Each structure stands twice: as C-alpha cells, then as structure tokens.
Amino acid sequence: DNEEEDEEEGDAHDIRGSDDDEQEDPKDYCKGGYHPVTIGSTFNQRYHVIRKLGWGHFSTVWLCWDRKASRFVAMKVVKSAKHYTETALD
C-alpha cells in the first residue's frame, strides 16, 4: 500500500514536472485557471511536452520538442480567464 501511495505522489509531481521547491497550487488547475498540461502530451500535433520549466501568476511554461522544426522550444500556457489572456496579448 505504501508503495502505491508513493507512486501516486511521484506521479503528481511528474505531471507538474518542475524541480522548483515551490509549486503552483493544484487547485488553480480549473476553469479560468491553469490549463492542465501533462508530460508526454502533444499540442497542435506538433509540440511534445518534455517537462515544466516554471510558472507564474498568469501562466506555466513548458519545455517541448517541436516535431516539425526538430528543435526544443518553450511553450507558455496562459491561464484561461479573459483578463489573463488580454494581459498576455499586451
């Protein structure tokens, strides 16, 4: 049982994927908040998520492999509430 609990805790950390001691609040992954991103997922059939680079009040930033350009890129995922999107576009 303890092994399963340890694996579940490890999996949750792997999903967020950053080495930072401080993490964003998982409760902020909701409508209007952070968009859930998982390591190994692909966006736009192009950007393969490798790990989380960091996070801030407005967004998370992920290291991705660009399958089309064959290079690493940073992908910024802005919170979905309208005022965060407007701020990101400024």
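In UniProt numbering, the protein residues as written are 1 to 90.
Glycine is no exception: its CB is placed at the ideal position from the N, C-alpha and C atoms.
Just so it is clear, the structure is predicted and the values come from calculations on it, not from any experiment.
*Enumerate in chain order the residues of its own chain whose CB-to-CB distance from residue 76 is below 7 Å, with the five nearest sequence positions on each side excluded.*
What you label residue 76 is simply residue 76 of the sequence shown in a count that begins at 1. Result list for residue 76: 59 and 61, in chain order.
*Can you round the beta-carbon distance between residue 49 and residue 64 to whole angstroms, since I take them to be within the 8 Å contact cut?*
For the purposes of this step, residue 49 is taken as residue 49 along the sequence shown, with counting starting at 1. For the purposes of this step, residue 64 is taken as residue 64 along the sequence shown, with counting starting at 1. Their Cβ separation, rounded to whole angstroms, is 5 Å, which keeps residue 49 and residue 64 in contact under 8 Å.
_Output needed for residue 37: all residues of its chain with C-beta closer than 7 Å, excluding positions within five of it in sequence on either side, in chain order._
Here residue 37 is taken as the residue at index 37 of the sequence shown, counted from 1. Excluding residues within five positions, the ones whose Cβ falls inside 7 Å are 49, 60, 62 and 77.
*Determine the extent of the beta strand (DSSP E) in which residue 34 is found, giving its start and end residues.*
Working through the sequence shown from its first residue, we reach residue 34 at position 34. Careful: residue 34 lies outside any beta strand (DSSP E) and carries neither H nor E.
*Would DSSP call residue 27 helix, strand or coil?*
In the sequence shown, the residue the question calls residue 27 occupies position 27. Three-state DSSP puts residue 27 in a helix.
_Secondary structure of residue 48, DSSP reduced to three states_ = Indexing the sequence shown from 1 puts residue 48 at position 48. Here residue 48 carries a strand assignment [DSSP, helix/strand/coil].
_Taking the straight line between their C-alpha atoms, what separation do you get for residue 25 and residue 41?_
If you number the sequence shown from 1, residue 25 lands on position 25. If you number the sequence shown from 1, residue 41 lands on position 41. Distance between the alpha carbons of residue 25 and residue 41 is about 21 Å.
*Taking just the CA atoms, how far does residue 73 sit from residue 39?*
Counted from its first residue, the sequence shown places residue 39 at position 39. Counted from its first residue, the sequence shown places residue 73 at position 73. Residue 39 and residue 73 have their C-alpha atoms some 14 Å from each other.
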